[in-house]
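Chemist:
Protein chains in written order, with this note's numbering: chain A, 307 to 453; chain B, 307 to 453; chain C, 28 to 143; chain D, 28 to 143; chain E, 169 to 261; chain F, 169 to 261.
1) For residue 336(B), which residues in the same chain have their Cβ closer than 6 angstroms to its Cβ, ignoring the five residues on either side in sequence?
2) Just to confirm the assignment, what range does the beta strand (DSSP E) spanning residue 260(E) have?
3) What residue range is occupied by the uninterrupted alpha helix (DSSP H) comprising residue 199(F)?
4) I'd like to confirm the pairing. Which residues does DSSP put opposite residue 381(A) in its beta bridges?
5) Measure how close the beta-carbons of residue 208(E) and residue 181(E) come, nearest whole angstrom, since I'm counting them as under 8 angstroms.
6) Determine whether the Cβ of residue 334(A) lies closer than 8 angstroms to any Cβ atom of chain C.
7) CA-CA distance, residue 249(E) and residue 391(A)?
8) Interface residues of chain A around residue 184(F) at Cβ under 7 angstroms?
9) Does the Cβ of residue 140(D) have 16 or more other Cβ atoms within 10 Å, making it buried, or fewer, making it exposed?
10) So, with DSSP's three-state summary, where would you put residue 127(C)?
11) Does any residue of chain B have a CB that is nearer than 8 angstroms to the CB of residue 204(E)?
12) Let me know the secondary structure DSSP gives residue 429(A) once reduced to three states.
13) Which residues in chain A sit within 9 angstroms of residue 140(D), going by Cβ to Cβ distance?
14) Per DSSP, which residues does residue 404(B) bridge with? Please list them.
15) Would the segment 208-222 of chain F and the segment 57-69 of chain D be scored as touching if the rule is three or more Cβ pairs under 8 angstroms?
16) Could you check what DSSP says for residue 310(B) in three-state terms: helix, strand or coil?
17) Put residue 323(B) into one of helix, strand or coil per three-state DSSP.
18) Looking at the secondary structure, which residues open and close the beta strand (DSSP E) in which residue 172(E) lies?
19) Can you say whether residue 215(F) is buried or exposed, counting buried as having 16 or more other CB atoms within 10 angstroms of its CB?
20) Might you give, ordered along the chain, the residues of its own chain that have their beta carbon closer than 7 angstroms to the beta carbon of residue 412(A), omitting 5 neighbours on each side?
21) Any idea if residue 80(D) is buried or exposed, counting beta-carbon neighbours within 10 angstroms, 16 or more meaning buried?
22) Please list the residues of the segment 388-404 of chain B that have a C-beta atom closer than 9 angstroms to any C-beta atom in chain C, keeping them in chain order.
23) At a CB distance below 8 angstroms, what residues from the segment 234-260 of chain F approach chain A? Give them in sequence order.
24) Is it buried or exposed for residue 324(A), if we count other Cβ within 10 angstroms and need 16 for buried?
25) Are the beta-carbon atoms belonging to residue 35(D) and residue 67(D) less than 8 angstroms from one another?
26) Just to confirm the assignment, what range does the alpha helix (DSSP H) spanning residue 420(B) have?
27) Assuming residue 69(C) contacts residue 37(C) (C-beta within less than 8 angstroms), just tell me the rounded distance between them.
28) Roughly how many whole angstroms lie between the Cα atoms of residue 400(A) and residue 196(F)?
29) Going by alpha carbons, who is nearest to residue 56(C) out of 89(C), 65(C) and 100(C)?
30) Between residue 377(A) and chain C, is the shortest Cβ-Cβ distance under 8 angstroms, so that the two count as touching?
See the structure below:
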């Protein structure tokens with residue numbers, strides 16, 4: 307099969323570092339489940355994940371209050387354990403998080419809210435963290451809601 | 307224009323009582339905005355709303371921590387004010403709410419969680435509240451996510 | 028006051044189907060007549076041989092099979108959608124009935140609702 | 028490292044479009060080359076004469092008009108989608124360019140992403 | 169007050185799978201109200217030729233589409249309440 | 169390891185508007201991986217005749233569709249990592 311496109315004919319080395327961006331919410335989309343199974347397989351293949359970035363509805367994954375029925379997987383908990391055990395930063399986009407009611411201690415105080423609900427080790431930061439990955443050699447993979 | 311369908315040829319009196327069911331989340335769908343403008347028009351027309359029921363992703367509307375930018379409408383706050391001023395019960399479905407991390411004081415204690423984030427006057431209750439409306443003379447209107 | 032709950036979203040990709048089922052079971056639990064209609068990609072909930080554990084979710088096959096016992100009057104599947112997704116009646120879970128979607132069907136119910 | 032951010036959701040019904048715009052502006056703020064592509068029902072973001080206040084939302088027309096100033100390289104609109112939604116170039120906001128969607132377009136970028 | 173058998177409220181754009189599902193369910197005595205991104209149907213002249221088809225004015229105006237539909241086919245939220253109250257049934261798609 | 173120009177990851181069912189958008193963007197040297205409800209394409213024999221089209225096995229099995237695709241076109245999550253690592257670019261639809 308031939309291509310008329312001249313650019314990018316090189317075959318680069320396979321990517322060794324992944325960034326995962328999750329934009330689908332748990333208990334609404336399959337995105338966080340698919341992303342977790344993918345992430346486990348990345349590490350099993352001896353590759354690295356430099357960061358997991360939650361954007362849009364994906365920030366709901368960082369809730370410390372999510373309490374599914376006991377016979378369902380607690381996805382927030384499972385993701386938090388995975389990140390902690392493998393020392394991978396998990397970052398929720400601050401603009402997405404504030405709109406959707408996900409806040410840490412600092413934001414709680416800044417906006418004089420009654421509680422915080424961000425599950426450690428998730429942190430809150432700006433889109434700069436995502437730009438940082440996108441501009442690096444890291445392979446950025448998105449996990450959107452399906453349908 | 308004629309119909310071949312024999313049933314329901316009566317023309318009943320216009321509905322005087324509405325139940326609103328919101329299933330789309332704020333800052334993800336337009337559903338809570340449309341529902342609020344509709345609700346205001348219902349009262350302006352001298353009709354009644356017996357209950358607002360939040361289901362599925364719609365439960366996010368009951369968050370006390372949602373903090374949109376100051377130049378955007380705070381939909382949780384606007385809905386809470388509307389319900390309080392007009393003495394209309396706002397109910398978040400317990401199964402939807404627990405999965406998605408929306409809890410009141412009672413659920414916080416029951417599940418030993420670190421915080422509660424349900425904005426008054428919203429309450430948490432079962433689908434029985436919705437069945438109650440569906441089985442009554444109330445006109446039940448759904449506000450789903452659009453697309 | 029009979030209700031038709033419609034599921035048009037495919038399985039496992041969203042929670043709409045599960046939450047629609049909860050609505051139907053709640054109505055049945057309070058002795059309200061209710062039927063379920065699967066249409067569009069939603070008919071794939073009715074396919075035999077699903078293994079939800081593979082995507083770390085709970086199966087709803089047992090719930091669907093028990094629907095008549097719990098008082099859900101009918102599990103209806105839109106014939107066009109079944110055709111589109113290669114589903115003959117023999118491919119469907121027990122109790123599912125293939126029917127035609129349209130105003131004749133929805134007019135038989137006082138309430139027609141989606142979960143989301 | 029050039030990026031194409033695609034918006035295929037129509038305006039006001041979801042936040043995807045706004046959050047896609049934020050992504051594009053962030054890249055531009057960090058001096059990363061970025062373009063925006065509107066396709067499918069997303070082309071309706073580019074229609075002149077919108078009044079977002081009517082649905083109690085903020086207008087993004089000003090942001091889109093300022094996109095080139097902030098360093099977004101191009102506002103592209105898929106020609107098929109424009110045709111489907113009755114949009115000629117004169118109906119579009121300033122700076123928008125009608126183009127053809129396909130691999131020739133996406134291949135010009137190192138990253139191609141949706142907001143959701 | 170106009171009265172229908174069923175009022176169908178459609179808030180999805182023409183590309184959405186539930187858009188055509190809704191159109192297939194509209195009976196001869198039914199009404200249709202386009203809201204939110206359902207109003208994009210007017211750009212393709214879809215559904216709007218049928219009798220008793222309306223679109224919500226604020227959603228048309230937000231999307232710059234007021235000129236696409238005659239004023240007797242547009243309703244305010246007050247009009248939407250009237251339509252929803254007078255129909256025998258309402259289905260939200 | 170199979171190498172592509174762009175790997176397209178498609179997790180939407182055939183009825184979703186982004187499904188056809190994805191198909192329109194696939195170039196001659198590209199690969200396609202169906203995941204989540206994207207695997208429903210196999211029931212309609214859509215896209216799966218093209219070269220370098222794969223489907224994620226756990227999603228096929230969850231939906232009772234394993235028999236619809238030959239095993240050389242199905243991949244595990246390990247295989248998905250390999251595909252995503254070896255492609256020059258990845259687009260998630």
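Even for Gly, the Cβ is constructed at its ideal location relative to N, Cα and C.
Modeler: On the basis of the data shown:
1) 452
2) 257-260
3) Not the alpha helix (DSSP H): residue 199(F) falls in the beta strand (DSSP E), residues 199-202.
4) Answer by DSSP bridge pairing: none, since residue 381(A) is not bridged.
5) 5 angstroms
6) Using a CB distance cut-off of 8 angstroms, residue 334(A) counts as an interface residue toward chain C.
7) Approximately 54 angstroms between the Cα atoms of the pair.
8) 453
9) buried
10) coil
11) yes
12) strand
13) 327, 440, 446 and 448
14) None, per the DSSP bridge assignment.
15) no
16) The pLDDT assigned to residue 310(B) is 42, lower than 50, so where the model puts this residue is not dependable; a value taken from the coordinates is nonetheless given after this. In this structure, residue 310(B) counts as coil in the three-state DSSP scheme.
17) strand
18) Residue 172(E) -> no beta strand (DSSP E), and no H or E assigned at all.
19) With 16 or more other Cβ atoms inside 10 Å of its own Cβ, residue 215(F) counts as buried.
20) Within the same chain, no residue comes within 7 angstroms of residue 412(A) by CB-CB distance, once the 5 residues on both sides are set aside.
21) exposed
22) 399, 401 and 402
23) 244, 245, 246, 248, 249, 250, 252, 253, 254, 256, 258 and 260
24) buried
25) yes
26) Neither: residue 420(B) is in no alpha helix (DSSP H) and is coded neither H nor E.
27) The Cβ separation is near 6 angstroms, so the contact holds.
28) Each residue's Cα considered, the two are about 40 angstroms apart.
29) 100(C)
30) yes
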